[in-house]
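**Q** Residue numbers 73 to 173, in the numbering used here, belong to the letters of the sequence shown in order.
In this text, a Cβ means the ideal position worked out from N, Cα and C, and glycines have one as well.
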Amino acid sequence: MEQDQYLVTIFFRHDQSKNLDEIQNYLKESGFWKEFPPEGIEIVSWYVMMGIGHVVTIKVPSSRLREVNIAIEKRAWPAFRTEIYPTYDFIEFQQQFRDAC
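1. Could you tell me the alpha carbon to alpha carbon distance between E164 and D171, rounded to whole angstroms?
2. Checking the sheet assignment: what are the DSSP bridge partners for Y157?
3. Along the beta strand (DSSP E) that carries K146, what are the first and last residues, could you check?
4. Would you decide whether P109 is buried or exposed? Buried here means 16 or more other CB atoms lie within 10 Å of its CB.
5. How long is the line joining the alpha carbons of R153 and F169, rounded to whole angstroms?
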């Protein structure tokens, strides 16, 4: 991964006051499915967690972080409440800890 790129994990929590059809209609109308993530942003993983919603990890160049934030604000709200976390890959460290035991 390039030095100026970051992993970012986004929790798109379902608005439970809306049913799934209402959420999907809003996301389609807002352009969420077409515009998120912005062109050229790599999706590392995209899972649906029952009871939570979508959990998406993307790889973002630092110069495009604002663009990702705006896409979320314009396209995902109010269908989702969002939480955004800087993320890093821990697997190498986990293996080192395991090997040391």
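**A** Reading from the atomic positions:
1. Between E164 and D171, the C-alpha separation is close to 11 Å.
2. As computed with DSSP, Y157 is found in a beta bridge with T81.
3. It is not in any beta strand (DSSP E) - K146 instead sits in the alpha helix (DSSP H) that spans 137 to 147.
4. Buried, because 16 or more other Cβ atoms sit within 10 Å of the Cβ of P109.
5. Between R153 and F169, the alpha-carbon positions lie close to 35 Å from each other.
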